[in-house]
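Trainee: This structure is in structure tokens; I'll ask about it shortly.
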């Protein structure tokens with residue numbers, strides 16, 4: 053091969069490498085710059101936003117298909133449904149989910165159930181839990197539950213644990229039930245037990261009744277915070293950020 057051909061080959065290779073690098077940089081930029089919104093004054097990072105988007109993407113797809121009979125094709129997320137594009141519906145669901153997560157962790161932080169309610173702290177606890185499970189597995193110890201958590205499964209697990217911790221403490225706001233509250237919930241439906249489907253009296257059903265009342269009061273408290281959450285930022289830009297990153 054002559055010197056000219058060698059030089060051309062080198063140049064062509066350099067162009068390909070540069071093009072690949074440009075694509076990689078552009079992709080990284082899409083996932084790290086944005087979405088420029090805050091919930092109750094706390095900035096939402098691109099990583100947190102996209103992680104939450106991915107957790108609600110499937111349910112949003114099902115929602116659109118059921119409500120509008122849409123086919124899942126290449127234009128699914130850009131199609132219009134009830135005056136909104138699919139990616140805008142996904143962006144709205146992402147923000148609602150973020151509001152819920154933040155409400156749960158704000159309550160936990162106020163009650164000292166977690167030291168840090170931020171996304172990075174949650175991620176650190178997830179990594180530590182997986183490391184602990186990996187170490188136990190290496191030592192031949194019994195592991196209850198999953199061998200390893202995905203981030204979304206860990207988030208669900210931790211939020212469920214925080215709810216249980218709150219509801220099991222009757223000294224916390226809303227958890228000291230009155231007998232009237234318990235009786236009202238007991239009378240709201242039949243409480244069945246045993247193989248023969250016998251109706252349980254209040255004394256027999258009390259533990260289950262009180263647990264349901266406490267859980268409902270906790271859920272109502274969380275949803276009240278969600279409804280009163282303040283979202284700052286450009287939602288149109290946040291929706292465009294979804295569109296750039298959805299796969």
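In our numbering, the protein residues as written are 53 to 299. Note that CB positions come from ideal geometry on N, CA and C, so glycine has one too. These numbers were taken from a predicted model, which means no experiment stands behind them.
1. In three-state DSSP terms, what is residue 177?
2. Among 164, 245, 145, 125, which has the Cα closest to the Cα of residue 299?
3. Which residues does DSSP pair with residue 132 in a beta bridge?
4. So residue 90 is in the alpha helix (DSSP H); what residue range does that whole segment cover?
5. Relative to the alpha-carbon of residue 156, which residue among 109, 217, 193 has its alpha-carbon at the smallest distance?
6. Within the same chain, show all residues whose beta-carbon is closer than 8 angstroms to that of residue 254, passing over the 5 residues directly before and after it, in chain order.
7. Relative to the C-alpha of residue 230, which candidate in 170, 204, 292, 269 has its C-alpha closest?
8. Cα separation between residue 291 and residue 271?
9. Between which two residues does the beta strand (DSSP E) holding residue 283 run?
10. Determine the direct distance from the alpha carbon of residue 224 to that of residue 144, and round the result to whole angstroms.
11. Please name the residue, chosen from 198, 168, 165, that lies closest to residue 181 on a Cα-to-Cα basis.
12. Looking at the unbroken alpha helix (DSSP H) that takes in residue 166, where does it start and where does it end?
13. On the three-state DSSP scale, how would you describe residue 94?
Mentor: Reading from the atomic positions:
1. By one-based count along the chain shown, residue 177 stands at place 125. In this structure, residue 177 counts as helix in the three-state DSSP scheme.
2. In the chain shown, counting from the first residue as 1, residue 299 sits at position 247. The option with the nearest alpha carbon to residue 299 is 125.
3. Reading the chain shown from its first residue, position 80 is the one you call residue 132. Beta-bridge pairing links residue 132 to 137.
4. Here residue 90 corresponds to residue number 38 of the chain shown, with the count starting at 1. Here residue 90 belongs to no alpha helix (DSSP H); instead the beta strand (DSSP E) covers 89-91.
5. The residue you call residue 156 lines up with position 104 of the chain shown. Residue 217 is the option with its Cα nearest to residue 156.
6. Your numbering for residue 254 matches position 202 in the chain shown. So the list reads 234, 235, 238, 261, once near-sequence residues are dropped.
7. Looking up residue 230 in the chain shown gives position 178. The shortest C-alpha separation from residue 230 is found at 269.
8. Here residue 291 corresponds to residue number 239 of the chain shown, with the count starting at 1. Here residue 271 corresponds to residue number 219 of the chain shown, with the count starting at 1. If you take the alpha carbons of residue 291 and residue 271, they lie about 28 angstroms apart.
9. If you number the chain shown from 1, residue 283 lands on position 231. That run of the beta strand (DSSP E) goes 283-285.
10. Working through the chain shown from its first residue, we reach residue 144 at position 92. Working through the chain shown from its first residue, we reach residue 224 at position 172. So the alpha carbons of these two residues sit roughly 32 angstroms apart.
11. Here residue 181 refers to the residue found at position 129 of the chain shown. Comparing Cα positions, the closest option is 198.
12. Position 114 of the chain shown holds residue 166. No alpha helix (DSSP H) holds residue 166; DSSP gives it neither H nor E.
13. As a first step, residue 94 must be located in the chain shown, where it is residue number 42. Of the three classes helix, strand and coil, the one that applies to residue 94 here is strand, per DSSP.
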